[in-house]
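Chemist: Using the numbering used here, the final residue of the sequence shown is 209, and nothing's skipped along the way. The C-beta atom is built at its ideal place from N, Cα and C for all residues, glycine as well. Small disclaimer: the values here were computed from a predicted structure and weren't measured.
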Amino acid sequence: MRTAYAASWRSLTDTHAAEAVRFVVEFAFRVSALRGLGLYLDVAAVPEPMRESVWTQALTSLDLPALQPPIELRRVRGWRRLRLDLVLDNLRDHRRYEARTLQLSRLAGARAAEAVVETHARNVLDIGRVLRGTLPVDQTTELYLHEFMLPQAVAQMVSQRVQAAVAADLLREEQAAPVTTLWATEQPASPLAAIAEAR
Numbered sequence: 011m012r013t014a015y016a017a018s019w020r021s022l023t024d025t026h027a028a029e030a031v032r033f034v035v036e037f038a039f040r041v042s043a044l045r046g047l048g049l050y051l052d053v054a055a056v057p058e059p060m061r062e063s064v065w066t067q068a069l070t071s072l073d074l075p076a077l078q079p080p081i082e083l084r085r086v087r088g089w090r091r092l093r094l095d096l097v098l099d100n101l102r103d104h105r106r107y108e109a110r111t112l113q114l115s116r117l118a119g120a121r122a123a124e125a126v127v128e129t130h131a132r133n134v135l136d137i138g139r140v141l142r143g144t145l146p147v148d149q150t151t152e153l154y155l156h157e158f159m160l161p162q163a164v165a166q167m168v169s170q171r172v173q174a175a176v177a178a179d180l181l182r183e184e185q186a187a188p189v190t191t192l193w194a195t196e197q198p199a200s201p202l203a204a205i206a207e208a209r
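1. What does the Cβ neighbour count give for residue 167, buried or exposed, with the cut at 16 atoms within 10 Å?
2. Can you look up residue 143 in the DSSP assignment and give me helix, strand or coil?
3. How big is the Cα-Cα spacing for residue 24 and residue 61?
4. Establish whether the CB of residue 116 and some CB of chain C are separated by less than 9 Å.
5. Would you identify the three-state DSSP class for residue 42, choosing helix, strand or coil?
6. Which runs of the alpha helix (DSSP H) spanning at least 4 residues fall entirely within the stretch 123-192, listed in chain order?
7. Please report the straight-line C-alpha distance between residue 28 and residue 80, rounded to a whole angstrom.
8. Where residue 42 and residue 141 are concerned, what is the direct C-alpha to C-alpha distance, given to the nearest angstrom?
9. For residue 32, which option in 107, 16, 77 has the closest C-alpha, if you only look at C-alpha atoms?
10. Return the residue from the list 22, 26, 58, 57 that minimises the CA-CA distance to residue 68.
11. Where residue 152 and residue 12 are concerned, what is the direct C-alpha to C-alpha distance, given to the nearest angstrom?
12. In angstroms, rounded to a whole number, what distance separates the CA positions of residue 127 and residue 98?
13. Using the three-state DSSP reduction, which class does residue 113 fall into: helix, strand or coil?
14. DSSP on residue 194, reduced to helix/strand/coil?
15. Can you give the beta carbon distance from residue 129 to residue 138, rounded, assuming they're within the 8 Å contact cut?
16. By DSSP, does residue 55 sit in helix, in strand, or in coil?
17. Using C-beta distances below 7 Å, list every residue in its chain close to residue 74, excluding the 5 sequence neighbours before and after it, in chain order.
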């Protein structure tokens with residue numbers, strides 16, 4: 011099980027790194043690559059022990075020179091800084107821009123969370139196939155959820171997806187199996203057959 015959990019951890023790291031790269035590329039026009047990576051780690055709730063690996067893997071995967079440079083926000087310069095109204099307007103613009111960036115990053119984080127849930131479900135199914143005949147899938151799921159200490163809401167989504175996938179597999183197996191008719195009780199003999207036997 012330790013080996014299986016280590017492989018699951020690796021697949022989760024790969025998922026987070028891929029989503030982080032996507033996040034940084036999409037947000038390149040708003041924030042720098044390093045700021046984007048930091049934002050992703052926060053909004054995607056990357057576990058603390060995994061953060062360094064995700065950061066390193068994502069950073070080495072990025073084509074930094076090809077990224078779009080962030081938009082340079084308008085700033086009050088020169089003598090205009092002496093006008094309080096212009097300075098306040100500029101501060102409000104910066105705050106609005108920052109708030110919009112955080113809002114968009116949370117939406118992108120929700121998308122990344124979907125990919126992580128899919129990875130968790132796939133990990134459970136992979137472990138379940140290895141342990142098939144040894145450990146029931148529901149017990150495998152419980153052990154996995156406990157090992158990775160998933161929040162209740164995430165654990166529920168993972169469990170439902172695993173159950174749905176297992177149900178689909180079982181139904182396919184049932185459809186592929188030969189159909190046989192099983193009687194719960196022996197069928198009563200026909201009265202005519204009984205008369206024929208008596209003769």
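Modeler: The structure says:
1. Reading the sequence shown from its first residue, position 157 is the one you call residue 167. With 16 or more other Cβ atoms within 10 Å, it is buried.
2. Here residue 143 refers to the residue found at position 133 when the sequence shown is read from its first residue. Look at residue 143 here: in three-state DSSP terms it is coil, with no helix or strand label.
3. As a working mapping, residue 24 is identified with position 14 in the sequence shown. As a working mapping, residue 61 is identified with position 51 in the sequence shown. In this model, residue 24 and residue 61 are separated by some 12 Å (Cα to Cα).
4. Absent from the structure is chain C; it holds one protein chain and no more.
5. By 1-based counting over the sequence shown, the position of residue 42 is 32. The answer is coil: DSSP assigns residue 42 none of H, G, I, E or B.
6. The qualifying runs are 147-158, 162-186.
7. Translated into positions along the sequence shown, residue 28 becomes position 18. Translated into positions along the sequence shown, residue 80 becomes position 70. Their backbone Cα atoms lie some 21 Å apart in a straight line.
8. Mapped onto the sequence shown, residue 42 falls at position 32. Mapped onto the sequence shown, residue 141 falls at position 131. Cα atoms of residue 42 and residue 141: separation of roughly 45 Å, rounded to the nearest angstrom.
9. Indexing the sequence shown from 1 puts residue 32 at position 22. Of the candidates 107, 16, 77, the one whose C-alpha sits nearest the C-alpha of residue 32 is 77.
10. Taking the sequence shown and counting its residues from 1, the one referred to as residue 68 is at position 58. Ranked by how close their Cα comes to the Cα of residue 68, the residues 22, 26, 58, 57 have 26 in first place.
11. Along the sequence shown, one-based indexing puts residue 152 at 142. Along the sequence shown, one-based indexing puts residue 12 at 2. Using only the alpha carbons, I get a separation of about 15 Å.
12. Position 117 of the sequence shown holds residue 127. Position 88 of the sequence shown holds residue 98. In a straight line, the C-alpha of residue 127 is about 43 Å away from that of residue 98.
13. Here residue 113 corresponds to residue number 103 of the sequence shown, with the count starting at 1. Taken through DSSP and simplified to helix, strand or coil, residue 113 comes out as helix.
14. The sequence position of residue 194 within the sequence shown is 184, counting from 1. With a pLDDT of only 49 at residue 194, under the threshold of 50, the placement of this residue in the model should not be trusted; the figure read from the coordinates follows. Reduced to three states, the DSSP call for residue 194 is coil.
15. In the sequence shown, counting from the first residue as 1, residue 129 sits at position 119. In the sequence shown, counting from the first residue as 1, residue 138 sits at position 128. 15 Å between Cβ atoms; not a contact.
16. For the purposes of this step, residue 55 is taken as residue 45 along the sequence shown, with counting starting at 1. Coil.
17. The residue you call residue 74 lines up with position 64 of the sequence shown. Only 43 meet the Cβ criterion.
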